[in-house]
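Engineer: One structure follows; several queries about it will come next.
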Amino acid sequence: MSDLNQEMAERYKNNFLKEIEEQAEMGEWVKMCMQCGLCSGSCPTNFHSGWDHPPQEIFMLIRAGKREEVLNSEGMYMCTSCYNCYVRCPRKVPVTHVMHGIAEYAYRIGRAPKAQPTLHLSKTFWSNATKYGRVNEVQLTQSLYFKDGVGAGIKKGLEMKDVALGLVKAGRLNPLEALGMGHKCKDIKGIHAMLAKAEELEARNKAAKGKE
Amino acid sequence: MTSIVATNQTILVVGGGISGMTAALEAAETGKQVVLVEKNPYLGGRTVQLYRYFPKMCHPTCGLEINLRRLKANPRIQVLTLAEVTGITGSKGAYSVSVKLKPRYVNTNCTACGECGKAVQTEIADAFNYNLGKIKAAYLPSSMAYPQRYVIDPSIIGTPDAERAKAACKYDAVNLDDQEEVISLNAGAIVWATGWQPYDASKIVYYGYDRFANVISNVEFERLADPHGPTGGRILRPSDGKEAKNIAFIQCAGSRDENHLRHCSRFCCMGSLKQTHYVQEKYGDAGKSTIYYIDIRAIDRFEDFYQKVKANPNVSFVKSKVARITEDKDGNPVCNGVDTEGYVRYANAHDLVVLALGMEPSVKGVEIPAEVMSDSSGFIMADPANAGIFGAGCATNALDVNRAVQSATAAALRAIQVVNKVARAEA
Amino acid sequence: MADTKTAAYICKGCEIDKRVDVSALVKTATKSGKMNLVREHDFLCSAEGVAMIQNDIDNEGVTHAAICACSRRAKTEAFNFPTIAMSRGNLREGVIWIRPDTEDARETTQEMAEDYVRMACAEVKAMQVPPGNQKTGTVKTLLVVGGGMSGMTSALEASKAGYKVVLVEKTGALGGWAGKLYRRVPTREPFKAPEDNGVADMVARIEADSNIKVYLNATIAKTDGAPGRFKVEIAIESGGIAQEDIGAIVQATGFSLYDANKLPEFGYGKTPNVVDQAGLEALAREAAAAGKPICRPFDGQPVKSVVFVQCAGQRDASGTHLQYCSGFCCNTSIKQAMYFKDANPDIDTVVLFTDLRTPGNGEDFYRAAQNKGVIFSKGVVSSVTPSGNACAVKFKDLILNEDTEAQADLVVLATGMVPNSGPDLDQLSEANRQAEGGDEAAKEQVVQLMSKSVLNLTYRQGPDMPQFKHGFNDSHFICFPYETRRTAIYTAGPVRRPMDILQAQEDATGAAMKAIQALENAGLGKAAHPRAGDLSFPTVRLEGCTQCKRCTVECPFGAIDEDEKRFPLFNESRCRRCGTCMGACPVRVISFENYSVNTVGSQIKAVDVPDEFSEKPRILILACENDAYPALDMAGMNRHEYDPYVRVIPIRCLGSVNTIWITDALNGGYDGVMLMGCKHGEEYQCHFVKGSELGRYRLSKVGDTLKGMNLETERVMDLEVAITDIATLPQKINDYAALIKSFPPSPFKGF
């Protein structure tokens, strides 16, 4: 995949803003930012662990042509889609979507960091949800708990035991999901067909956009 | 019945703030007949609710005194207070205007001796002080109020309090039978100078204006700083009456924001810079001000003022739009956000937060004649069709006092152009 | 003038009669006041009370009335008798409302009230109803100097109101700076794209307007006279002189761009690829005319990247360059960036700014530029250097907090506005002084400064408008932006204050309004702001004049010249009726009908000064009528008490205080004199501009007089008062009274 990265870098030379505008979904909004910092301050994850670059700074980096710094950043993967930034942005920039667009683009050209937890969650969630047509919560939880090894998974599972039992008692969690049983959607084949069609359309759109 | 002498050579000025007064005075001092209509019981508008003006730090009542003296000396201006225009028909050079007059319950016999105020027991919210205090229901809005006549609040009409006011008056000035009336008058040209209102702060949800007592607006802060305001000029925070010495000013509260006001309100940067002077004036080095801003818009020679404030070690500037306000356990408002100059996160507790609310035209939501054009923010626009109705002051744009007066002076000439044409035609 | 008949009216209302013995006041007015007619009334401001006075005027022939009731600021609609001379004795706000209602206070309160009755009687007897000057000029033509956007607007708007206009432009074409613009910043919604500069349309309207007479390639050679009767000589293209009679003047001489040659650090002059905003407009016009894209001056190649440097030589705290912000340049750079983006979206346009200043609807324009792809970076530029065929711009990116560099084919410097306001009068008068002393360099400087003169006024105080900050002819007043120190001459547009075209047009319309008003009032003999409509004017007894020139030098408005015999020559329609000349005159030959050395002096003398054994000092307060007197009034309305031994006389301005009043008071046995005037100095609040400053300067010399009289210097106190000192002023009065009481009684009592 890294050859796509190379290809894009060469195609846009120093114009990273143009690259983002054309390649990343909602990238055309980057130029509208006026650097007030409301998005960065509004982010609920802001005080949890901190990011290397918050949204407004990522926008500025893009405008300054700092391709490597942006693509190496973890900033855009940190978004939890709470939409605080989007609803508050005085320029009505869809910050949430732009961040996802940049993350998706970085992933597409092979620049997403390995073992990025949010990325891992997204991928896991996607394959889980598309497999059954709805989320299999037990399997999703398992794959997240055990991502760093069996020992860590068991430890985490024991920590959360009470919560899990409570959910089971309340009828909110079906242990049989671990075996692939439990809720499923009725027409799983139909869902798969729809997803395949959507992917085909998106690929076509992206190819067309790249040619502009 | 109130009678007004007005013809097609009369200029009607709607709004008795500094813009309306200026338009009226400039026209009258050029020999024109003017009717000045004001919805409050007194003239002066929002300027007289300011403690000081930037950049001179002088007092708005000083200019008001001169304008009132001009007005008192000029027989060509007829003033209607507690009055609102309710309809306009006709066209340029020949308008017919209906004006609704609310009862004041006090006639011109009033000497402002104050006996009715002493007699009345009911207290009402003090609108002049943005409801930060209480006043008697028979009151003189301020010491500078013109007309210098008391007002009886309609809420006590029909109660024994009203009778007490009447009984206390030795001059037969209290008229409890005063009725609302609608009068009609002619005018050749109309100047629309209805001013502005602060943006509704509660709509900026993340600043918690209606949840946190210690988050107040810039216009309210003016009253707190004014020695004749509800706190006697002490900057006391609303939650516990404690002296607020560490004060945050949040710029663009509503302005430059497509979710709120699209325009830049122009005056608020200078307004907050001015208000840091109040903090310095009251507390010296013990007073600290922090201005959170996107761009400091201290245009033209106001830059001098900005540089002076910047040089004050008790004032700090953070280039950031505060993202949200929370409250700590001591009731201190906490500003949360990111300093964009180099990406520094902050969660700063202050004693008080002042929102630099933007300017919204008062014409918004009020029915004005169809031929008056307004832009998408609601400000009156210059009309290419050249009708006989002209905007003046903050009804036309977000302006500071100085520029509002300029605008009103220009509007006076536009109105004079119309009535002079009428005069030439009638001659 | 008909026979004088004086009357005093004493109101008993608002509890005056409960607090003082009104019958004693009637006696005072009759005996000490020597009024021909004295009446009391329960409610003087009532329709009945007013009718009583009017009846006396109509049927009893009363010509002078002392109304002893409330303050002169109250009940002005009721006590409105324009045909007679009237004074107001302030028994309410000035006496009963500032004194406690106690048995102890009764005697001193009564004395206070009696003094105010005596003072009102004395004052009105010294007053006359001003008849209005019949000699003023009635020319109704407006002169507009400068044919740019502001000047053209003033001319068109004045014409539309029915006035004739003479428009003088020094170049060969109307349009000024705006005419050189390729496009202008939008003036209407949706504020998204540059629009036509609008000049051609205005020029066409002016040419078609029979009210407007245009002189091109012309300058003002001489402006003589006064409002309503200016004689203006215009140096015209042929080399001759045209004469015009003018009523009032609008000076709209615009601005020049700050000289970018002073900014070598930004590469100006080192490479043609660095231009100022005017340079870019020229490039854009050239390109449009040739139907080509905007090209790089260095090699004529189309520009692919542009950097705009905001605040170039502006907002400079070091004092080297312009200290102010010119206000228009952010929008101009945005507009110029659009020239490129609208033609070719692939051209890189970067605006480097520290604070982007796009007030009002400018915010829409800013957003539109971003939407077109203009990049805005908060950064401080340190240098621009030639780099190959292009330029290298070094700057600190304030958001990313790093030093960085950008390459650009073209760099546009947003230099600011420098007003075309003529010579600085202070500099000129200093040069004149030195030149008179024979200094050759100074003589040269005078010639050089005079060559910059715009108006060439023949005024004693200099050829042009006094300047305010940074050379602009702005007003110092927030509430009165058009106030100038030369009556009926108004500046408009960027010569007054940095501004954009839209504001300049609004400003020019307002200036035309003021000019029209000034010429109308000049014709009626009425004063201009702030004593608008005052029909009095200064008269001088020339036989007593010693030609000391103090009046001509001090007049804040340059109203007084000197005639060929070196006597002061009053130009009434230039006068603003502040009385500074009257205060300055050492031989007291200047007076107004309704305000004179005598109207105040007789009040001072009318006060009953008890002997030295009574332990009742007397303190005179001379209070500025605009700020101090209203503050005292409102102290009364709020029932703040103050010392009963003070006697307050309102004055027009501290500048009008003649020191004779002070010496008369001290000689008459007063124990102290307090002068209350407005703030002076840089942030002055005096509405006669220099009045309070001049008054204070004069008073600073009173110390010698006091020493000569063997009195403590503290016996005269100068206090700066603002209208809002409502609560603090009584305290200051009390403190001063306490100080005076700590001194022995004045040794002059009883003489």
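Residue numbers (my numbering), protein chains in the order written: chain B, 1 to 212; chain D, 1 to 427; chain R, 1 to 751.
Ideal Cβ placement from N, Cα and C applies to all residues, glycine included.
Given the structure is predicted, the values throughout are model-derived calculations rather than measurements.
1. Along the chain, where does the beta strand (DSSP E) containing Ile325/D start, and where does it finish?
2. State the DSSP-derived secondary structure class of Arg99/R, mapped to helix, strand or coil.
3. So which residues on chain R does Ala24/B lean against when the C-beta distance must stay under 7 angstroms?
4. If you pair each beta-carbon of the stretch 610–630 of chain R with each one of the stretch 672–679 of chain R, do three or more pairs fall below 8 angstroms?
5. Please identify, using Cβ separations under 9 angstroms, the residues of the stretch 213–228 of chain D that lie next to chain R, in order along the chain.
6. Between which two residues does the beta strand (DSSP E) carrying Ile88/D extend?
7. Comparing alpha-carbon positions, which option in Ala242/R, Asp627/R, Ile501/R and Ile590/R lies nearest Phe255/R?
8. Taking the alpha-carbon positions, what's the Lys378/R to Ala737/R distance?
9. Rank Met149/R, Trp97/R, Asn55/R and Ser46/R by C-alpha distance to the C-alpha of Gln503/R and give the top, closest one.
10. Give me the chain R residues within the contact set of Leu71/B, using Cβ-Cβ distance strictly less than 9 angstroms, ordered along the chain.
11. Of all the residues that make up the stretch 146–163 of chain B, which are near chain R by a beta-carbon distance shorter than 9 angstroms?
12. Can you tell me the Cα-Cα spacing of Gln49/D and His120/B, whole angstroms?
13. Look at the Cβ atom of Ala47/R, then the Cβ atom of Tyr9/R, and state whether they are nearer than 8 angstroms.
14. Answer yes or no: does any C-beta atom of chain B fall closer than 8 angstroms to that of Leu400/R?
15. Which residues of chain D have a Cβ atom closer than 8 angstroms to the Cβ of Phe753/R, listed in chain order?
16. Below 8 angstroms between beta carbons: does that hold for Ala103/B and Tyr77/B?
17. Identify which residue in Ala323/D, Ser142/D, Asp285/D and Ala127/D has its Cα closest to the Cα of Pro313/D.
18. Short of 6 angstroms in beta carbon distance, which residues of its chain neighbour Thr122/D, apart from the five on each side in sequence? Order them along the chain.
19. For Ala759/R, does the count of other Cβ atoms within 10 angstroms reach 16, so buried, or fall short, so exposed?
20. For a cutoff of 8 angstroms on Cβ pairs, would you count Leu304/D as touching chain R?
21. Quick check on Pro744/R: does DSSP put it in helix, strand or coil?
22. In the DSSP assignment, the beta strand (DSSP E) including Ile11/D goes from what residue to what residue?
23. What first and last residue would you give for the beta strand (DSSP E) that runs through Tyr490/R?
24. Any residues in the stretch 77–104 of chain B with a beta carbon nearer than 9 angstroms to a beta carbon of chain D? Which ones, in chain order?
25. Let's test the definition: count the other Cβ atoms within 10 Å of the Cβ of Phe613/R and tell me whether it reaches 16, buried, or not, exposed.
26. Work out the CA separation of Arg106/R and Gly137/R for me, nearest whole Å.
27. Would DSSP call Thr231/D helix, strand or coil?
28. Under 7 angstroms Cβ-Cβ, which residues of chain D neighbour Met34/B?
29. Drop a sphere of 10 angstroms on the beta-carbon of Met1/B, count the other beta-carbons inside from all chains shown, and report buried for 16 or more, exposed for fewer.
30. Helix, strand or coil for Pro194/R, going by three-state DSSP, please let me know.
31. Check Thr6/R in the structure and name its three-state DSSP category.
32. Which of the residues in the stretch 331–346 of chain R, read from start to end, lie with their CB under 9 angstroms from any CB of chain B?
33. Output yes if chain R places a C-beta closer than 8 angstroms to the C-beta of Tyr53/D; else output no.
34. What do you reckon, are the CB atoms on Cys578/R and Phe748/R nearer than 8 angstroms?
35. Would Asn336/D count as contacting chain B if we go by Cβ distances under 8 angstroms?
36. Which chain R residues are close to Met8/B, counting only those with a beta carbon under 9 angstroms from its beta carbon?
Structural biologist: If we stick to the structure as given:
1. Arg324 to Glu327
2. coil
3. Those within 7 angstroms of Ala24/B in chain R number zero; the least Cβ separation is about 16 angstroms.
4. yes
5. Asp226, Pro227 and His228
6. Ala83 to Ser91
7. Ile501/R
8. 59 angstroms
9. Met149/R
10. Within chain R, no residue comes near Leu71/B; the closest Cβ sits about 16 angstroms away, beyond 9 angstroms.
11. none
12. 59 angstroms
13. no
14. yes
15. A question about residue 753/R goes unanswered here, because the residues of chain R that appear run from 1 up to 751.
16. yes
17. Asp285/D
18. Ala137, Ile156 and Asp161
19. As shown, chain R starts at 1 and ends at 751. That puts residue 759/R outside it, with no answer to give.
20. Here the sequence assigns Asp to residue 304/D, which means Leu is not the residue at that position. Asp304/D counts as touching chain R.
21. coil
22. Thr10 to Val14
23. Ile489 to Thr491
24. Asn84, Cys85, Val87, Arg88, Cys89, Pro90, Arg91 and Lys92
25. exposed
26. 55 angstroms
27. coil
28. Ile294
29. Residue placement at Met1/B is flagged as unreliable, the pLDDT there being 47, under the threshold of 50; a coordinate-derived value is accordingly withheld.
30. coil
31. strand
32. Asp346
33. yes
34. no
35. yes
36. In chain order: nothing, as chain R lies at least about 18 angstroms away.
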